[in-house]
Amino acid sequence: MSGVRVLVGTRKGAFILTSDGKRDKWDVVGPIFGGWEIFHVKGSPVDPNRIFASQSTSWFGQLIQRSDDGGKSWAPVGKEFVYDGTPGTHQWYDGTPHPWEFARVWHLEPSLSDPDVVLAGVEDAALFRSSDAGESWSELSGLRGHGSGPSWQPGAGGMCLHTILVSPADPGRIFVAISSAGAFRTDDGGATWRPINKGLHSEGIPDGDAEVGHCVHRLALHPSRPDVLFMQKHWDVMRSDDAGDNWVEVSGNLPSDFGFCIDVHAHEPETVFVVPILSDSEHYPPEGKLRVYRSKTGGNEWEPLTKGLPQKDCYVDVLRDAMAVDSLDSCGVYFGTTGGQVYASADSGDSWAPIVSNLPAVLSVEVQTLA
Amino acid sequence: MIRVVVPAHLKTLIDHHGEIHLKVGDPVTQAAVLDALEREYPVLRGTIRDTQTLQRRPFIRFFACEEDLSHEDPGAVLPAAVVEGREPFFVVGAMAGG
């Protein structure tokens, strides 16, 4: 029977939540790596038993863990993320040059075709690749070296490369997003890159229409239309129909167009989910109501999804990597909150129920659809 | 044997929850103890000191015999009580509250 495995990264460990295809009863395993910050856990689309986890603390640094048995057991793999060549500098908060310094791995993106290949997005912003299942890592340094790198400047959350999307149609095409530099694309497997931020407007930077400097929070695409991208920016929900060459705002009737996460329905490429957050200074939902907003028109027209979600006194946040969808016939949607809840919907967002309610603050949610 | 105590996060990482006992050749220095610790548990490389520079990580301290040895020369011989196994060498994660 089909089922799902939800991989949850939190401030104090990882959790694995499993259910059958009905998605109404759940087994909860964890904390795994208790006490450690788990920024991201993601499984290989090729081999679902292979799962990678980013484990770190400010005290003890970075580790990468790998499981080859679906999360039952784990082993540490390579954790040396060394910038290629002389790292150089980027802009510091005060505008002075600051050396590139590795802090942590924010996001792990296993290959769509090779279980031994995985990409890692790190802080300070850079993209690394492993072709030996995480044992060793090398930087795709064309990203930092494409020209604008020295002008990148961190946002309040650090200068992190947090989003990696590999085109299902072309493995050489990769999209990444960096806070607060913007979105970038390679068409040659990571050798050369260019910014793809035309159409973005940000009020928090001196030139609101600049080529780089935008605080992109998250990108999403549907596998059947890999050139259609959706973006949750610091403010504004955006859409591109040409692989990021041009963007238009599709915030429409959202109660707030600030937010972090965004995802696309597994079977309906024009159905998009976001969780509006009141503002960049108030990281909680408008009116204390936790609402997922769904657009079935690729943006602009949004409907609130509230059934089963708290509609008063709710002041949690939903972070950028904390939403995912499964690919069962009735698409499941999942998100985690900084209050430690992980909510699931087995009906494309029409109704919700918490899987767990009292985890540490949730940093990331991924889901594996199991045969 | 040199007795070493590591913080809870690292105990979890190496799945060893008591004192660690290490054979360390003379001279028994901070660097020699950490070298032996990392040989015994390779996963600890990079968690206590930088893998390249061998500098102590910022939020790590070294205590022994009720003294803070964090700023001592890594090549200096440790106190006799540690060398003779009467006192442990503590690797400590700096305290943080909230």
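Keeping their order, the protein sequence lines are chains A and B.
Sequential numbering of the first sequence, starting at 3, is according to our numbering.
Sequential numbering of the second sequence, starting at 3, is according to our numbering.
We put the CB at the ideal spot given by N, CA and C, even for glycine.
Residue burial is scored here from C-beta neighbours: A:Y95 has fewer than 16 other C-beta atoms within 10 angstroms and is therefore classed as exposed. Counting of Cβ neighbours within 10 angstroms places A:Q343 among the buried residues, the total reaching 16 or more.
A:D29 and A:T12 have their C-alpha atoms spaced approximately 17 Å apart. When the Cα atoms are used, A:T340 and A:V318 turn out to be separated by approximately 6 Å. Judged by DSSP secondary structure, A:E39 falls within the beta strand (DSSP E) whose first and last residues are E39 to G45. Remark: C-beta atoms of A:L121 and A:S138 do not approach each other more closely than 9 Å.
Ranked by Cα distance from B:H19, the options B:T53, B:H11 and B:V94 are led by B:H11. Here A:Q93 carries a strand assignment [DSSP, helix/strand/coil]. CA-CA distance, A:N199 to A:S181, rounds to 13 Å.
Among the CB atoms of chain B, one or more fall inside 9 Å of the CB of A:E82. Close to chain A, meaning a Cβ-Cβ distance shorter than 9 Å, is no residue of the region 17 to 38 of chain B at all. Within chain A, the residues placing a beta-carbon under 8 Å from that of B:V45 are L65 and P78, ordered along the chain. For A:A326, the closest of A:E368, A:A128 and A:E111 by C-alpha to C-alpha distance is A:E368. The count of Cβ pairs closer than 8 Å, one atom from the region 262 to 273 of chain A and one from the region 286 to 293 of chain A, stays below three, leaving the stretches out of contact. For B:D37, the enclosing alpha helix (DSSP H) has its first and last residue at Q32 to E42.
Residues P76, G77, A78, V79 and L80 of the same chain have their beta carbon placed closer than 7 Å to that of B:T31, with the five preceding and five following residues left out of the count. For A:T59, at least one C-beta of chain B is nearer than 9 Å to its own C-beta. Short of 6 Å from the beta carbon of A:V79, and not among the five residues preceding or following it, lie these beta carbons of its own chain, in chain order: I66, R68, G136 and E137.
Under DSSP, A:Y336 forms a beta bridge with A:A326 and A:A346. Cα atoms of B:A98 and A:S60: separation of roughly 11 Å, rounded to the nearest angstrom.
In the three-state DSSP reduction, A:V124 falls in the strand class (E or B). Taking a cut-off of 8 Å for Cβ pairs, the region 299 to 306 of chain A and the region 250 to 257 of chain A touch, as three or more such pairs fall below it. Nearest CB-CB separation between A:F54 and chain B: not below the 9 Å threshold.
According to the DSSP assignment, B:L71 belongs to no alpha helix (DSSP H), since it is labelled neither H nor E.
Collapsing the DSSP output to three states places A:G147 in coil.
DSSP, read as helix, strand or coil, puts B:E86 in coil.
Contacts between A:G37 and chain B, judged by CB atoms closer than 7 Å, involve A10, H11 and T14 in chain order. With respect to A:V8, A:L330 sits apart: the two C-beta atoms are not nearer than 9 Å.
Taking 3 residues as the shortest admissible run, the region 243 to 311 of chain A contains the following complete beta strand (DSSP E) segments, listed from N- to C-terminal end: 264 to 266, 274 to 276, 294 to 297 and 305 to 307. Of all residues in the region 246 to 263 of chain A, none has a C-beta nearer than 7 Å to a C-beta of chain B. Assignment of B:A10 by DSSP, reduced to helix, strand and coil, places it in the helix class. Of the residues assessed, B:G27 falls on the exposed side of the cut-off, its CB having fewer than 16 other CB atoms within 10 angstroms. Non-local beta-carbon contacts of A:L280 in its own chain, meaning distances under 8 Å to residues more than five positions away in sequence, involve S258, F260, Y286, P287 and P288 in chain order.
Between A:F130 and chain B, the shortest Cβ-Cβ separation is not below 9 Å. Along the region 323 to 349 of chain A, there is no position whose C-beta sits under 7 Å from a C-beta of chain B. Bounds of the beta strand (DSSP E) holding A:Q64 are G63 to S69.
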